[in-house]
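Engineer:
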Amino acid sequence: KPHCLRTLSEVKQLWAAKLYQSTTTTATTKETTTTTTATTTIAPKQSARVTEPETVKAMGFTGMTDGVAMLTRAKENLIFTMSALSEVQRIALSQSKREFIEMCSFDGKECNIDTDFKLHVDPAFGNCYTFNWDVNNNHSSSKAGPMYG
Numbered sequence: 072k073p074h075c076l077r078t079l080s081e082v083k084q085l086w087a088a089k090l091y092q093s094t095t096t097t098a099t100t101k102e103t104t105t106t107t108t109a110t111t112t113i114a115p116k117q118s119a120r121v122t123e124p125e126t127v128k129a130m131g132f133t134g135m136t137d138g139v140a141m142l143t144r145a146k147e148n149l150i151f152t153m154s155a156l157s158e159v160q161r162i163a164l165s166q167s168k169r170e171f172i173e174m175c176s177f178d179g180k181e182c183n184i185d186t187d188f189k190l191h192v193d194p195a196f197g198n199c200y201t202f203n204w205d206v207n208n209n210h211s212s213s214k215a216g217p218m219y220g
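Quick note on numbering: my numbering labels position 66 of the sequence shown as 137, and the sequence is numbered without any gaps.
1. Note the first and the last residue of the continuous alpha helix (DSSP H) segment covering Leu156.
2. Tell me which residues share the same chain as Met218 and place their Cβ nearer than 7 Å to its Cβ, disregarding the 5 neighbours each side in the sequence.
3. Give me the Cα-Cα distance between Leu164 and Gly197, rounded to the nearest whole angstrom.
4. Quick check: the Cα distance between Ser167 and Ser213, rounded to an integer number of angstroms?
5. Check whether the segment 150-159 and the segment 119-139 are in contact - that is, three or more C-beta pairs closer than 8 Å.
6. Thinking C-alpha only, which one of Ile184, Thr201, Ala145 and Phe177 is nearest Gly216?
7. So what's Phe171 in DSSP terms, helix, strand or just coil?
8. Which residue marks the beginning of the beta strand (DSSP E) containing Lys189, and which one marks its end?
9. Which two residues bound the contiguous beta strand (DSSP E) that contains Thr122?
10. For His191, which option in Trp204, Glu125, Thr152 and Glu181 has the closest C-alpha, if you only look at C-alpha atoms?
11. Report all residues from its chain with a CB closer than 6 Å to the CB of Thr126; omit the five preceding and five following residues, and keep chain order.
12. Using DSSP's beta-bridge definition, name the partner residues of Lys180.
13. Who are the near neighbours of Pro194 in its chain, counting only those whose CB is closer than 6 Å to its CB and skipping five residues on each side?
14. Taking the C-alpha atoms as reference points, what is the distance between Glu147 and Ile172?
15. Run the CB neighbour count on Asp137, radius 10 Å, all protein chains shown included, and call it buried at 16 or more, exposed below.
16. Keeping to the same chain, check which residues put their C-beta closer than 7 Å to that of Met141; ignore five residues upstream and five downstream.
Rendered as structure tokens:
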């Protein structure tokens, strides 16, 4: 059975239970035997702000107030940080072929994940895998649809 990706709303629902915190408060009075229990669910903060002066300076956020600009700068910082690592370190931090590609078929035949995909390491996206990369072993199909690639 092929692996199906979930929709964005389903993924959000999977994580929502872990993000929300529940607090239970129990109060008992001495005069009576009544116990009152209240449960409060607290939603997580929707935005995180960097406020420590050292972090603001190190991340290049000094004087920035626009959240989109700060997010863009943070992404750039991550790309620069990843670019500074060796290729071996970047490969180790990303997903392997077997972790990323669960199954593959082309023209009704099963692919060889180890030989049919070539690794390309990108500082922004991590490990990228190219199918049909070998000019001496070119896969082509004149048919359309999931059975034929």
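Backbone N, C-alpha and C define an ideal beta-carbon position, used for all residues, glycine too.
These numbers were taken from a predicted model, which means no experiment stands behind them.
Structural biologist: Here's the rundown:
1. Premise fails: Leu156 is in no alpha helix (DSSP H) and is neither H nor E.
2. Gly179
3. 8 Å
4. 31 Å
5. no
6. Phe177
7. helix
8. Phe188 to Asp193
9. No beta strand (DSSP E) holds Thr122; DSSP gives it neither H nor E.
10. Trp204
11. none
12. Phe177
13. Ile150, Met153 and Ser154
14. 27 Å
15. exposed
16. Phe132 and Met135
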